[in-house]
RNA sequence: GACCCCAUCGUCUAGAGGCCUAGGACACCACCCUUUCAAGGUGGCGACACGGGUUCGAAUCCCGUUGGGGUCGCCA
């Protein structure tokens with residue numbers, strides 16, 4: 010039997026970190042076993058599901074390169090099939106109509122709580138004759154669940170978990186308006202889609218028992234379950250918007266690379282020895298459920314950033330340069346310098362060693378993209394004194410006679426200038442820092458002689474002249 | 001409250017009875033390198049929640065305590 014997994018988000022918001030990891034694990038597991046990975050949108054909650062959320066989820070998955078086989082299935086489109094399954098259960102005596110009012114239900118729960126019992130429905134309509142039905146009340150359909158014994162699941166991550174059936178009540182299958190509940194829909198869809206492994210957050214662990222009962226009532230072979238721990242925020246509490254747990258696209262906007270995000274997510278709750286940097290191919294061959302931990306993991310931005318820095322360094326210059334040029338065009342109101350793209354590309358190799366995100370990279374590439382006159386940051390401007398401006402004037406004069414314009418030759422030229430052509434010998438740093446300020450507008454930049462080479466003779470001289478004139 | 005799950009450095013984890021005076025990574029600190037910032041290199045700080053068992057021997061097995069998390073909807 011070939012493996013079939015699925016990711017089944019409800020489109021009530023963006024694709025968040027936890028969902029992305031669940032999707033990744035499902036994808037990896039399916040591909041590891043040469044199986045298929047499906048996508049199903051659980052949009053049965055008509056009130057809360059939105060088209061925007063569907064798009065956000067799909068775009069997020071595409072960005073992460075988590076591809077699904079076949080078309081995404083809309084759960085909503087299958088409502089008739091779900092209802093049909095419920096009707097069959099009624100016909101076979103495994104489900105029944107329940108006319109209990111919301112008030113009755115609330116009372117039941119309250120009473121149970123008072124008496125220290127699990128707050129469950131007491132099954133009062135289980136065996137009553139339909140003739141006793143109150144007039145004018147539309148019933149829900151409930152599963153006639155077993156009342157004795159235990160229900161046990163053999164979870165691939167959590168191990169064997171057992172719960173007493175009296176803790177579980179007769180769950181609602183069809184609402185009073187005839188629409189299917191989540192419990193019914195998931196079971197019917199997973200069965201119809203031939204899902205073999207249900208890998209999902211462990212907030213569903215308790216649902217698994219009820220779903221198992223449903224599978225049995227329907228006479229279907231249940232899938233294998235794997236409930237993975239949830240991701241928590243840095244404070245150990247459940248991840249929420251308050252923690253900056255935004256949609257996955259927010260991380261894209263911050264300049265996280267999708268490969269880095271996947272690598273980070275993979276290592277969150279899963280380990281393979283001491284390995285840290287694991288690409289998709291390697292992950293596919295290594296991934297298995299027994300490597301998944303059982304304790305919730307905390308989301309740690311600094312590690313994400315570190316992994317991202319790694320992927321940034323490994324990424325090819327052209328790809329990054331395009332990303333950066335794009336960002337700069339959007340963030341800088343004035344047109345970029347004519348040579349901006351070429352300079353950014355040439356400078357990328359050393360720029361990318363210094364950044365943790367594409368956003369930072371863009372920040373650092375700023376000075377390559379801008380046209381003259383270059384703005385000088387306030388703290389950098391403090392290095393421009395009468396003394397250093399004089400120094401730069403002399404250096405510029407010197408450089409005008411220098412024709413060979415490459416990093417190494419410029420470096421030896423400037424070293425010589427600093428050491429021997431000044432009234433008193435200067436340390437290289439005394440010249441290099443003001444030079445850096447003049448050429449980049451900042452006290453921090455890639456190696457300054459490399460910058461000179463990339464900027465070119467004319468631009469370098471012009472930027473220098475701007476400073477002391 | 002009831003039920004279920006979990007528990008190794010601040011964080012992610014390695015560890016499946018002796019290989020553990022507990023390993024790696026991130027973060028942090030120091031030093032080296034150095035024209036700045038990084039990167040890189042070297043070193044440092046730092047954990048088996050607690051208490052009982054079992055065993056010649058326990059981070060690893062069992063029980064309890066504590067702590068954390070999850071679920072208890074005609075939401076998904």
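Residue numbers (my numbering): 10 to 478. Using N, Cα and C, we set each Cβ at its ideal position, and we do this for glycine too. Note that this is a predicted model, so its numbers are computed, not measured.
If you draw a straight line from the Cα of residue 325 to the Cα of residue 415, it is about 23 Å long. If you draw a straight line from the Cα of residue 35 to the Cα of residue 199, it is about 14 Å long. Spatial neighbours of residue 274 in its own chain (CB-CB distance under 8 Å, excluding positions within 5 residues in sequence) are listed in chain order as 26, 29, 30, 33. Residue 173 sits in a strand when the DSSP states are folded into three classes. By the beta-carbon neighbour count (other beta carbons within 10 angstroms, threshold 16), residue 318 is buried.
Judged by their CB atoms, residue 294 and residue 386 are not nearer to each other than the 8 Å cut-off. When the beta-carbon positions are compared, residue 359 and residue 455 come within less than 8 Å of each other. A direct Cα-to-Cα measurement between residue 473 and residue 365 gives close to 30 Å.
Shown here for residue 206: same chain residues with a beta carbon closer than 7 Å to its own, the five before and five after excluded, namely 12, 14, 38, 232, 233, 235 in chain order. Assigned with DSSP and collapsed to three states, residue 48 falls in strand. When the Cα atoms are used, residue 40 and residue 46 turn out to be separated by approximately 8 Å. Collapsing the DSSP output to three states places residue 150 in a strand. Residue environment for residue 286: exposed (fewer than 16 other C-beta atoms within 10 angstroms of its C-beta). Judged by DSSP in its simplified three-state form, residue 160 adopts strand. With respect to the 8 Å criterion, residue 378 and residue 357 are not classified as neighbours on the basis of their beta carbons. Secondary structure at residue 110: coil, using DSSP grouped into helix, strand and coil. Straight across, the Cα-Cα distance linking residue 265 with residue 375 is about 19 Å.
Note that the C-beta distance between residue 185 and residue 139 is not below 8 Å. A residue is called buried when at least 16 other Cβ atoms come within 10 angstroms of its Cβ; residue 94 meets this threshold and is buried. Bridge partners of residue 66 according to DSSP: none are assigned. Collapsing the DSSP output to three states places residue 42 in coil. In this chain, the beta strand (DSSP E) harbouring residue 236 covers 233-237. Distance between residue 259 and residue 465, taken at the CA atoms: about 37 Å.
With fewer than 16 neighbouring CB atoms inside 10 Å of its own CB, residue 158 falls in the exposed class. When beta bridges are read from the DSSP output, residue 423 appears opposite no residue.
A check of alpha carbon separations from residue 168 across 321, 298, 337, 475 identifies 298 as the nearest. Looking only at 246, 245, 271, 244, the smallest Cα-Cα distance to residue 257 is reached by 271. Assignment of residue 229 by DSSP, reduced to helix, strand and coil, places it in the coil class. Per DSSP, reduced to three states, the secondary structure at residue 241 is strand.
The distance from the Cβ of residue 104 to that of residue 177 is about 15 Å, inconsistent with a contact at the 8 Å cut-off. DSSP, reduced to helix, strand and coil, places residue 206 within a strand of the structure shown. Here residue 237 is not near residue 277, since their CB atoms are 8 Å or more apart. In summary, residue 87 is buried, with 16 or more beta-carbon neighbours lying within 10 Å of its beta-carbon over all protein chains present.
Assignment of residue 34 by DSSP, reduced to helix, strand and coil, places it in the helix class.
Contact check between the stretch 308-315 and the stretch 345-355: fewer than three CB pairs, one atom from each, fall below 8 Å, which does not count as touching. Per DSSP, reduced to three states, the secondary structure at residue 279 is strand.
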